[in-house]
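Trainee: I am attaching a structure below and will ask some questions about it afterwards.
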Amino acid sequence: MTWGWAVLRRLGAGFVLAGLLVSGCGAIEAAAPPGDTKGGGSSSGTNPLDNPEGTKPGLAAITSEADRKEARELIEKIETKGRGPRTGYDREDFGYAWADNADGIPLARNGCDTRNDLLQRDGEDVEFRGGSDCVVVSMTLDDPYTGKTIDWRKEDAAEVQIDHVIPLSYSWQMGSSRWSEAERKRLANDPLNLIPVDGSTNGSKSDSGPASWLPPVRKIRCSYVVRFAQVALKYDLPVTTADKDIMLTQCA
25 MTWGWAVLRR
35 LGAGFVLAGL
45 LVSGCGAIEA
55 AAPPGDTKGG
65 GSSSGTNPLD
75 NPEGTKPGLA
85 AITSEADRKE
95 ARELIEKIET
105 KGRGPRTGYD
115 REDFGYAWAD
125 NADGIPLARN
135 GCDTRNDLLQ
145 RDGEDVEFRG
155 GSDCVVVSMT
165 LDDPYTGKTI
175 DWRKEDAAEV
185 QIDHVIPLSY
195 SWQMGSSRWS
205 EAERKRLAND
215 PLNLIPVDGS
225 TNGSKSDSGP
235 ASWLPPVRKI
245 RCSYVVRFAQ
255 VALKYDLPVT
265 TADKDIMLTQ
275 CA
């Protein structure tokens, strides 16, 4: 897909005044999940509007009025429809987990599986297994969803999980059930749709859309729904009307 909007935006980025910065994206209180946190959030990471391919690390807060306006314009482009049944969904329909052989996406076929690619992308102080430049055995992660700094070790692998921003089951209910397996494999392994985060927080999300689940840290929610929108537009996936309404509100 062509991301011309992102290129045009960056050409004008120098004109965004620092005085436009504000403290957060503004969330609907009714949409706040348990454990809602006003402060915190990762101090590192990349504004998703500057990261349309998902190859840059982390997820930084969107703070300027100009960026929030662009975020809303992006979200407005998403089509809506009702969520279909989960009937027939199977994780294996999206290929085996963390496949390195999904064509047409960044980081594919580089000799390293998707999970380790993402740990390297977002981790700091990354250490590899002896003799490998792929298998991560330890790192430090600034988790954007919770604001926690996680000192991760491979022996406690589940402490960090890779979140599918658009859950695979959600995509199935919104149309990927009719895709080819190759296209589903791309969605499952596309770095644009993947963020390493706190494991228990990822578990609480399950296959929820934004109307049912948002990251606990409020200031990251606009960035989260922008990533959700970027993936939806890249793969021509609609979202529910409730999800789109909540997404727009996070960047209001």
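The opening residue of the sequence shown carries number 25 in the numbering used here; numbering runs sequentially from there.
Ideal placement from N, C-alpha and C gives every residue a C-beta, glycine not left out.
Note that the coordinates shown come from a computational prediction; the quantities given were computed from them, not determined experimentally.
Between Leu-131 and Pro-215, which are expected to be in contact by the criterion C-beta below 8 Å, what is the C-beta distance as a whole number of angstroms?
Mentor: Working through the sequence shown from its first residue, we reach residue 131 at position 107. Working through the sequence shown from its first residue, we reach residue 215 at position 191. Contact holds; Cβ gap of about 6 Å.
Trainee: Could you tell me if Thr-265 is buried or exposed, where buried requires 16 or more neighbouring beta carbons within 10 angstroms of its beta carbon?
Mentor: Position 241 of the sequence shown, counted from the start, is the residue given in the question as residue 265. When all chains shown are included, Thr-265 counts as exposed.
Trainee: For Thr-104, list the residues DSSP reports as bridge partners.
Mentor: Position 80 of the sequence shown holds residue 104. Beta-bridge pairing links Thr-104 to Val-263.
Trainee: Of the choices Arg-133, Asn-213, Lys-178, whose alpha-carbon is the least far from that of Val-255?
Mentor: Taking the sequence shown and counting its residues from 1, one reaches residue 255 at position 231. Answer by Cα proximity: Asn-213.
Trainee: Inspect the beta-carbon positions of Arg-251 and Asn-217 and report whether they are closer than 9 Å.
Mentor: Mapped onto the sequence shown, residue 251 falls at position 227. Mapped onto the sequence shown, residue 217 falls at position 193. Taking 9 Å as the Cβ cut-off, Arg-251 and Asn-217 qualify as a contacting pair.
Trainee: Quick check on the burial criterion: 16 or more other C-beta atoms within 10 angstroms. Buried or exposed for Asp-91?
Mentor: The residue given as residue 91 occupies position 67 in the sequence shown. Under this definition Asp-91 is a buried residue.
Trainee: Let me check understanding here. Comparing Cα to Cα, which of Thr-273, Lys-268, Ile-186 lies closest to Ala-121?
Mentor: Within the sequence shown, the letter at position 97 stands for residue 121. Nearest of Thr-273, Lys-268, Ile-186 to Ala-121, Cα basis: Ile-186.
Trainee: Please tell me whether Asp-231 and Tyr-169 are closer than 9 Å, where the distance is taken between their beta carbons.
Mentor: Residue 231 sits at position 207 when you count from the first residue of the sequence shown. Residue 169 sits at position 145 when you count from the first residue of the sequence shown. Contact: no.
Trainee: Please report the straight-line C-alpha distance between Thr-70 and Ala-84, rounded to a whole angstrom.
Mentor: Looking up residue 70 in the sequence shown gives position 46. Looking up residue 84 in the sequence shown gives position 60. Answer to the nearest angstrom: the Cα atoms are 5 Å apart.
Trainee: Please report how far the alpha carbon of Leu-211 lies from the alpha carbon of Tyr-259, in whole angstroms.
Mentor: Taking the first residue of the sequence shown as 1, we reach residue 211 at position 187. Taking the first residue of the sequence shown as 1, we reach residue 259 at position 235. Computed Cα separation, rounded: 8 Å.
Trainee: According to the neighbour-count rule (16 or more other Cβ atoms, all chains shown, within 10 Å of its Cβ), is Gly-78 buried or exposed?
Mentor: Within the sequence shown, the letter at position 54 stands for residue 78. Burial call: buried.
Trainee: Need the endpoints of the alpha helix (DSSP H) that Ser-228 sits in, please.
Mentor: As a first step, residue 228 must be located in the sequence shown, where it is residue number 204. Where Ser-228 is concerned, the enclosing alpha helix (DSSP H) stretches over 223 to 229.
Trainee: With H, G and I counted as helix, E and B as strand and the rest as coil, what does DSSP make of Pro-57?
Mentor: Walking along the sequence shown from the start, residue 57 turns up at place 33. Residue placement at Pro-57 is flagged as unreliable, the pLDDT there being 47, under the threshold of 50; a coordinate-derived value is accordingly withheld.
Trainee: Distance check for Cys-246 and Ala-95, CA to CA, integer angstroms please.
Mentor: Here residue 95 refers to the residue found at position 71 when the sequence shown is read from its first residue. Here residue 246 refers to the residue found at position 222 when the sequence shown is read from its first residue. Their Cα atoms are separated by approximately 8 Å.
Trainee: Tell me which residue opens and which closes the alpha helix (DSSP H) that Leu-143 is part of.
Mentor: Counting from one through the sequence shown, the residue named residue 143 turns up at place 119. Note, Leu-143: alpha helix (DSSP H), 138 to 146.
Trainee: How long is the line joining the alpha carbons of Phe-152 and Met-163, rounded to whole angstroms?
Mentor: If you number the sequence shown from 1, residue 152 lands on position 128. If you number the sequence shown from 1, residue 163 lands on position 139. When rounded, the distance between both Cα atoms is 9 Å.
Trainee: Between Pro-234 and Ile-270, is the Cβ-Cβ spacing less than 9 Å?
Mentor: Working through the sequence shown from its first residue, we reach residue 234 at position 210. Working through the sequence shown from its first residue, we reach residue 270 at position 246. Yes, Cβ-Cβ distance for Pro-234 and Ile-270 is below 9 Å.
Trainee: To the nearest angstrom, how far is it from the Cα of Gly-119 to the Cα of Glu-100?
Mentor: Translated into the one-based positions of the sequence shown, residue 119 becomes position 95. Translated into the one-based positions of the sequence shown, residue 100 becomes position 76. Using only the alpha carbons, I get a separation of about 31 Å.
Trainee: Go through its chain and collect everything with a Cβ distance to Cys-275's Cβ below 6 Å, but skip five positions before and after it.
Mentor: Translated into the one-based positions of the sequence shown, residue 275 becomes position 251. These residues qualify, in order along the chain: Cys-49, Arg-92, Ala-95, Arg-96, Cys-246.
Trainee: Would you tell me roughly how many angstroms separate the C-alpha atoms of Val-160 and Asp-74, rounded to the nearest one?
Mentor: Looking up residue 160 in the sequence shown gives position 136. Looking up residue 74 in the sequence shown gives position 50. Taking the straight line joining both Cα atoms gives about 26 Å.
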